[in-house]
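Enquirer:
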Amino acid sequence: MPHKPVQYRSLATYEKLLDAAGELLAEEGVERISTNRIADRAGVTPPTLYHYFEDKYAVLTALGKRLMDAQNALVALDPAQDEVTIAKTLLDHVELTRKSAGGPWVMRMLRAVPQLAEVRLSSHRALAEALAERALALNPQKGRASLVLRARLAVDLGYAAIELVFDEPELDREEVMADAARAIRALLL
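Here the sequence shown is numbered in the numbering used here, starting from 2 and rising by one per residue.
Next up, the structure:
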C-alpha cells in the first residue's frame, strides 16, 4: 500500500518524485504526465514510485497538498493585522509559489482538475476555520458562521490574487497585493 515515508532517505525520494511531477506539470500539463514519466524524471524506477503513490493523481494530490501546506504556514492567524502585513504575506506566497516545483501550475491544476479540487477546497476550509476561531477568540460576541464565511472569502481572495499575478505577469504585483490586502482586512474586521 502506498505511503508517505518518515525516514530521511525515503522522504528524500518522495520529495524528488513530487519535484519531478511539478516540473513535468509546468512543462507539459496534467494530461501528458504519467507515473513512468515522473519516475524517469526523478531518476527512480516505476516500482519505487508505486511504493509511495497509487497513481498519477495520488502524486498530483500530494504535490498540491505540499504547496497548500507551505502556503498556509505563511499565514499569521491574526485577523486584526494591518494591510501592509497582509500584502507582505501575499507577496511571500507569490515568492514561495514561484520557487516551488511547478508552483503556479500546481495552483492552476488544483482549480482546473475536478479530481484534485478537494485538495484546494479542504486547505482553504481549514485555514478559514483557523482564522475564524482566532477572530472569535478576539471578538466572542460575533457569530461563528459569519466569521467562517468572511474568513473563507478572505482566503479565496488571497488565493485569487496570487493566481492573478501568475496569470497576468505584467500587472504590478505590489499594487495587486495592496488592493487584495485592503479587501481581506475589511472582510476580517
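For glycine and all other residues, C-beta sits at the position ideal for the given N, C-alpha and C.
If you're wondering where the values come from, they're calculated on a predicted model, not measured in any experiment.
With Ala152 and Leu132 assumed to form a contact (beta carbons below 8 Å), what rounded beta-carbon distance in angstroms separates them?
Expert: 4 Å
Enquirer: Measuring alpha carbon to alpha carbon, tell me which of Thr90, Leu64, Ala63 and Lys17 ends up nearest Val76.
Expert: Thr90
Enquirer: Decide yes or no for the touch test of the stretch 105-119 against the stretch 20-28: beta carbon pairs closer than 8 Å, at least 3 of them.
Expert: Judged by Cβ distances under 8 Å, the stretch 105-119 makes contact with the stretch 20-28, as three or more pairs qualify.
Enquirer: Among residues of its own chain, excluding the 5 on either side of Ile163, which ones have a beta-carbon nearer than 6 Å to its beta-carbon?
Expert: His94 and Val95
Enquirer: Distance, Cα to Cα, Thr49 vs Ala40?
Expert: 8 Å
Enquirer: For the alpha helix (DSSP H) that contains Lys100, what are its first and last residues?
Expert: Glu84 to Lys100
Enquirer: Please report how far the alpha carbon of Ala136 lies from the alpha carbon of Pro47, in whole angstroms.
Expert: 47 Å
Enquirer: Let me make sure I understand the geometry here. Which of Gln142, Ala155, Val114 and Ala146 has the alpha-carbon closest to that of Leu128?
Expert: Ala155
Enquirer: Rounded to the nearest angstrom, what separates Ala184 and Arg33 at their Cα positions?
Expert: 38 Å
Enquirer: Taking all protein chains shown into account, do 16 or more other C-beta atoms lie within 10 angstroms of the C-beta of Arg145, making it buried, or fewer, making it exposed?
Expert: exposed
Enquirer: Quick one, are the C-beta atoms of Glu130 and Val114 less than 8 Å apart?
Expert: no
Enquirer: Please go through the same chain and pick out, in chain order, the residues whose beta-carbon is closer than 6 Å to the beta-carbon of Arg10, but skip the five residues on each side of it.
Expert: none
Enquirer: For Arg67, collect the residues of the same chain with a Cβ closer than 7 Å to its Cβ; drop the 5 residues on either side in sequence, then sort them by chain order.
Expert: Leu19
Enquirer: Can you look up Thr36 in the DSSP assignment and give me helix, strand or coil?
Expert: helix
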